[in-house]
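**Q** This structure is in structure tokens; I'll ask about it shortly.
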Amino acid sequence: MGNVHPLRRAYDAAERAIAPRVESVVHSSEFVATARWATDARARVRAGLAQAGEGMWHLVNLPAASDITRLRRQLGALDRDVRHLTLELERLGHGPHERGANHAIDSDSEQLP
Amino acid sequence: MPSIPTPSNSLERVSREIDRNIQRARNGIKLAIGTSRPTFGWTPKDVVWRGGRSELWRYRGPGGPGGTPLLVVFSLVSRSYILDLARGNSFVERLLDAGFDVYLLDWGVPDVRDASNRLDDYADEYIPAAIRRVQELSGASRVDVLGYCFGGVLALLHAAHHPRAPLNSLTVMATPADFQAMGPLVEVFGSGSVDINAVLDENGNVPASIIRRVFRSLTPTYEITKYVNLWERLWSDEYVAAYQGVTRWSAEHIPFPGAAARQTVDMLLRDNAMVTERLVVGGDRVSLSDIRVPFLSVRASRDHIVQAPASSPLIDLVGSADRDELCLEAGHMGLVVGKTAHKTTIPTIIDFLKKRSEASA
């Protein structure tokens, strides 16, 4: 305590006073209501823009962003099914990591950028 | 009684302050211009299995392979390099030094292909595939599993749905069981106030920015306090390196697969299924009481993310006869990085694992 800088002591005292109040705001029903309003508003704006864009692109017989999104998600679901099958094949011993395949796929000491 | 300052004490204090101010200036300039960028996840490793974006890494230990295999299952919402922050401050490094053959199941960065991933996929497919691969490479019949944070949830779901899985022991760290005690998450999503589907991005995942905002809302003043802490310890190269690691990790969340997010909200948050015995995994009703392997729960008393009321019920929910709990004076990250981790958490986990390994040998 004796080695603590006076400015640090002052900050800690202020933080002890303010933090509970700020946290109570975050835990309040008003904050939840605001979060819900903001989320709903964002979703409505996104849906409105998507609908407007859809109409325009479909008029000229071109796919809209929503069509591309739907297609990507379908491909994603298909990718999941393929992964399921691959893992099942591995489990049955027919996959790339058959018993006895005792080697690394990728030997690198991965360095983050 | 305060000691009377002597001329030599005062000179020493002044000299130390001058040195520290020089160090502060040097480190401050390095941080400001970005020349000091430590490398994280530095321990050499090999990718020994891939499934989608997920990878199983096998770390290269000082003595080579041959130790007791330990599979670490990481969380779905953050980067795994927090377990391998820097030389001398690495959970993985300590496990390797203790003689373990360490593997880590890293989930990568989910994209549109992972939006349909359910919790069952991780518990019933990815974790068993990783365990099989560990068995193949290590030659061991049973594997110790350690789950961190939400990785612990996945490991629990796996162990509960597969009571005959080849697990030697199960350890979870900072893992919630009572999701109704998860604070703002319950208030926002658990009550149905905000529909989880409304926050999904165009890929169908919960964006990293939303996850970051949720975590920041748990300790709103931390954004300022961290700079105050940094100013105070700016003279310490070790502290600055750890600060950079923890700050970067806290900002680098990853998207959460949409289907898994829906299941988390419906089953874990609203139904509070771990506590109310309403867990459904792979279409089967399961219970944590079906877990019978030796079990250790490590929790942090100052964990602002998984607070004590959320993690403390876990020890009484599992069915293991050999079960233990370790509650430490630390924060969520402090369990795996920093002094408490290296003095207490890691030695206790190593001791627990070694005793169970000896018992099963």
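In order, the protein sequence lines correspond to chains A and B.
Read left to right, the first sequence gives residues 201 to 313 (our numbering).
Read left to right, the second sequence gives residues 21 to 381 (our numbering).
Yeah, the Cβ is synthetic: ideal placement off N, Cα and C, and Gly gets one too.
Which two residues bound the contiguous alpha helix (DSSP H) that contains B:GLU37?
**A** 27 to 53
**Q** Compute the Euclidean distance between the alpha carbons of A:HIS284 and B:GLU145, then round it to the nearest angstrom.
**A** 8 Å
**Q** Starting from the beta carbon of B:GLU145, find every residue of chain A whose beta carbon is closer than 9 Å, and list them in chain order.
**A** Residues of chain A passing the Cβ test: ARG283, HIS284, LEU287, GLU288 and ARG291.
**Q** Starting from the Cα of B:ILE102, find the closest Cα among B:PRO277, B:PRO314, B:VAL266 and B:ILE216 and give me that residue.
**A** B:VAL266
**Q** Can you look up B:TRP62 in the DSSP assignment and give me helix, strand or coil?
**A** coil
**Q** Can you pull the chain A residues whose beta carbon is under 8 Å from the beta carbon of B:ASN137, in chain order?
**A** In chain order: ARG280.
**Q** Measure the Cβ-Cβ separation of B:LEU245 and B:PHE372 and say whether it is below 8 Å.
**A** Reading off the sequence, residue 245 of chain B comes out as Thr, not Leu. Not a contact, by the Cβ cut-off of 8 Å.
**Q** Assuming B:ARG162 and B:LEU187 are in contact, meaning their beta carbons sit under 8 Å apart, how far apart are those beta carbons, in whole angstroms?
**A** 6 Å
**Q** Hey, is B:THR245's beta-carbon within less than 8 Å of any beta-carbon in chain A?
**A** Answer yes: the Cβ-Cβ gap between B:THR245 and chain A drops below 8 Å somewhere.
**Q** Note the first and the last residue of the continuous beta strand (DSSP E) segment covering B:TYR168.
**A** 163 to 168
**Q** Taking the beta carbon of B:ASP134 as the centre, do at least 16 other beta carbons fall within 10 Å, making it buried, or is it exposed?
**A** With 16 or more Cβ atoms within 10 Å of its Cβ, B:ASP134 is classed as buried.
**Q** Do B:PRO275 and B:ASN223 come within 8 Å of each other at the CB atom, strictly closer than that value?
**A** yes
**Q** Is the CB of B:SER309 under 8 Å away from at least one CB in chain A?
**A** no
**Q** Taking 8 Å as the cut-off, does the stretch 337 to 352 of chain B touch the stretch 302 to 322 of chain B (at least 3 CB pairs, one atom from each stretch)?
**A** Touching, yes.
**Q** Taking C-beta pairs closer than 7 Å, name the residues in chain A that B:ALA106 reaches, listed in chain order.
**A** Residues of chain A passing the Cβ test: none, with the nearest at roughly 12 Å.
**Q** In terms of residue numbering, what span does the beta strand (DSSP E) encompassing B:SER189 cover?
**A** 187 to 193
**Q** Kindly list, in the order they appear in chain B, the residues whose Cβ is closer than 7 Å to that of A:VAL226.
**A** Those are PRO204, SER237 and PRO240, listed as they occur along chain B.
**Q** For the stretch 264 to 277 of chain A, which residues have a CB atom closer than 7 Å to at least one CB atom of chain B, in sequence order?
**A** Of all residues in the stretch 264 to 277 of chain A, THR269, ARG272, ARG273, GLY276 and ALA277 have a Cβ within less than 7 Å of some Cβ in chain B.
**Q** How would you write the range of the beta strand (DSSP E) that B:LEU91 sits in, first residue to last?
**A** 89 to 93
**Q** With DSSP as the reference, label B:ALA135 as helix, strand or coil.
**A** coil
**Q** If you measure from the beta carbon of A:ALA215 to each beta carbon in chain B, is any gap under 8 Å?
**A** Reading the sequence as shown, one finds Glu at residue 215 of chain A and not Ala. So yes, A:GLU215 belongs to the interface.
**Q** What residue from B:THR195, B:ALA185, B:SER331 and B:LEU116 has the CA that sits closest to B:ARG312's CA?
**A** Taking only the C-alpha atoms, the option nearest B:ARG312 is B:ALA185.
**Q** Please name the residue, chosen from B:PHE111, B:VAL67, B:ALA330 and B:VAL165, that lies closest to B:SER377 on a Cα-to-Cα basis.
**A** B:VAL165
**Q** Which whole-angstrom value describes the C-beta separation of B:VAL97 and B:ILE231, a residue pair presumed to lie in contact below a C-beta threshold of 8 Å?
**A** 5 Å
**Q** Would you check if the stretch 279 to 298 of chain B and the stretch 135 to 142 of chain B touch, i.e. whether three or more CB-CB distances between them fall below 8 Å?
**A** yes
**Q** Could you compute how far the alpha carbon of B:ALA271 sits from the alpha carbon of B:SER28?
**A** 45 Å
**Q** Using a Cβ-Cβ distance cut-off of 8 Å, determine whether A:ARG208 contacts chain B.
**A** yes
**Q** With the cut-off set at 8 Å, would you say A:ALA264 and A:GLU254 are in Cβ contact?
**A** Yes, the Cβ-Cβ distance between A:ALA264 and A:GLU254 is below 8 Å.
**Q** Less than 6 Å between C-beta atoms, sequence neighbours within five positions excluded: which residues of the same chain meet that for B:ILE366?
**A** ARG114, listed in sequence order.
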